[in-house]
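Residue numbers (the working numbering), protein chains in the order written: chain A, 8 to 410; chain B, 1371 to 1527.
Structure (structure tokens):
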């Protein structure tokens, strides 16, 4: 307990008994996180710098260690202890908090060619008097290899010989690891920024080809036409938020009897201002679902959003007997709306909203009315044009345009 | 101050904007004139001209009758013609929608709604006050600058 806390609080903590049952956040299924503690400290805690104290091993501890480790290992431990000053250890192992400390964790064991100083072979590797081997020299090398070859030599031996075969006379380092004044390559041989290693690159390419061919085979005609109509790629379509909100079956009464079909209503959005609804009927429910989703994607239209979080003004929508009202709300309010409108807001990227659905609450009409309401927003700029007056967003003025 | 007549004016303006009329007329009265001028100042209507039973001639450049038309001039009100005067309002449209939108009475002939400055402040902040709902649209608002309360007549939605 902090000394600086007032006595009143000190007494409070005595009087307040421990809670009898475990504390459970009240709004468990709410999207906004509920804080368990309802009290915040008034002042940020200032912690005293913690000084690590590294003490040398006591005789007892050494005896314990000796049970685990061999004599050689114990000798190494003792040598290490003797070599490093505990004060140094405490300083070096401490997490740095000074302004020049690194903002990332790294043990600096690997040389990063783009960041670190260039690693070059020393100049002493150079040999200016090297000569290329002549054919005779090569013949001599081969002759020596075959002469010294053991009886049970394999192909691997020859490969090893060919790999180690030098092509120049002179210093060995000059050929294998020459000095160069040029900046070393950022990437190793065959590496690129996307594909770190040649082997991985190859496998990835093979994988990609396989996947692509499989996808091309899998891609349905409907999806192909959707991609053609919208100009999206398949990955973009996959990235869209689609959700089937309404599903029921419809019947057509003919002289042959009732013909049942599945009805699906879906919404699609990119969570950044685009929203569309699509509905479809089909004999197969899954077919109706995909059809409705594709239609929703085709129907996606931009929805005006105030500060990319809520709507401009309060809007009303009416479809059939369903009348609803969408109301803009301040930042951090959340989506306190019924589930259908909630899903639509999620897909469209609206974060603060409340809604009231009056009269009929038919699911299909609710979705349609909400869409109508969202589309009926009046842009303040257009209103200003229409009125011939200047309209200023007071929030932006107050916060100096920082919102 | 007849709220019955004012209600009739509101209904007439709604009908006229739905019919996409460019010019319409309302009975002449001081209340109607004040309201029309307030609407014109806010930009909801383009012109207010006091004229006779026939529409006044259009301004050669503007295309609608204007009060400051020097060529035509305005017929002065006399004891003889005051009964036949009407207010001619030019209606505005923007992007296929009427600028006025919908105008609605708040005070009714059977229930007059008064509001004080405090209530007006609340309304401008978007809260409800008495029988008056808060302003919840992002448009620029009538000021509370004048610090005047009074009878709430009608509202443009």
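For glycine and all other residues, C-beta sits at the position ideal for the given N, C-alpha and C.
Step through the CB atoms of chain A and report whether any lies within less than 8 Å of the CB of residue i.
| i | result |
| --- | --- |
| residue 1465 (chain B) | yes |
| residue 1462 (chain B) | yes |
| residue 1515 (chain B) | Only weak support exists for where residue 1515 (chain B) lies, its pLDDT of 48 falling under 50; the value from the coordinates is given anyway. So no, residue 1515 (chain B) is outside the interface. |
So with CB distances below 8 Å, who are the chain B contacts of residue i?
| i | result |
| --- | --- |
| residue 380 (chain A) | Those do not exist, as residue 380 (chain A) stays about 13 Å from chain B at its closest Cβ, beyond 8 Å. |
| residue 376 (chain A) | Here the premise fails: no neighbours, minimum Cβ distance about 18 Å. |
| residue 4 (chain A) | Because chain A spans 8 through 410 in this model, residue 4 (chain A) falls outside it and cannot be assessed. |
According to DSSP, what are the bridge partners of residue i?
| i | result |
| --- | --- |
| residue 1417 (chain B) | B:1460 |
| residue 275 (chain A) | A:249 and A:283 |
| residue 332 (chain A) | A:323 and A:363 |
| residue 309 (chain A) | A:281 |
| residue 260 (chain A) | A:265 |
| residue 288 (chain A) | A:270 |
| residue 1393 (chain B) | B:1460 |
| residue 175 (chain A) | A:139 |
| residue 342 (chain A) | A:360 |
| residue 254 (chain A) | A:271 |
| residue 1467 (chain B) | B:1464 |
| residue 116 (chain A) | Beta-bridge pairing links residue 116 (chain A) to no other residue. |
| residue 317 (chain A) | A:313 |
In or out: residue i buried (at least 16 other Cβ within 10 Å) or exposed?
| i | result |
| --- | --- |
| residue 298 (chain A) | buried |
| residue 264 (chain A) | exposed |
| residue 100 (chain A) | exposed |
| residue 277 (chain A) | buried |
| residue 315 (chain A) | exposed |
| residue 1390 (chain B) | exposed |
| residue 286 (chain A) | buried |
| residue 1386 (chain B) | buried |
| residue 5 (chain A) | Absent from the structure is residue 5 (chain A), since the part of chain A shown begins at 8 and ends at 410. |
| residue 12 (chain A) | Note that residue 12 (chain A) scores 46 on pLDDT, short of 50, meaning its location in the model is unreliable; the coordinates nonetheless yield the value given after this. So residue 12 (chain A) counts as exposed. |
| residue 291 (chain A) | exposed |
| residue 125 (chain A) | exposed |
| residue 89 (chain A) | exposed |
| residue 1406 (chain B) | buried |
| residue 1429 (chain B) | buried |
| residue 131 (chain A) | exposed |
| residue 321 (chain A) | buried |
| residue 251 (chain A) | buried |
| residue 351 (chain A) | buried |
| residue 1493 (chain B) | buried |
| residue 335 (chain A) | buried |
| residue 185 (chain A) | exposed |
| residue 1414 (chain B) | buried |
| residue 374 (chain A) | buried |
| residue 300 (chain A) | buried |
| residue 122 (chain A) | exposed |
| residue 1458 (chain B) | buried |
Within 8 Å (strictly less), CB to CB, does residue i reach chain B?
| i | result |
| --- | --- |
| residue 392 (chain A) | yes |
| residue 409 (chain A) | no |
| residue 13 (chain A) | At residue 13 (chain A) the pLDDT is 47, less than 50, meaning the model places this residue with poor confidence and gives no usable figure here. |
| residue 405 (chain A) | no |
Checklist entry - Along the stretch 1397-1414 of chain B, what residues have a CB closer than 9 Å to any CB found in chain A? => result 1412, 1413 and 1414
Checklist entry - Along the stretch 1468-1485 of chain B, what residues have a CB closer than 8 Å to any CB found in chain A? => result Cβ contacts with chain A come from 1469.
Checklist entry - Looking at chain B, which residues of the stretch 330-361 of chain A have a Cβ within less than 9 Å of any of its Cβ atoms? => result 334 and 335
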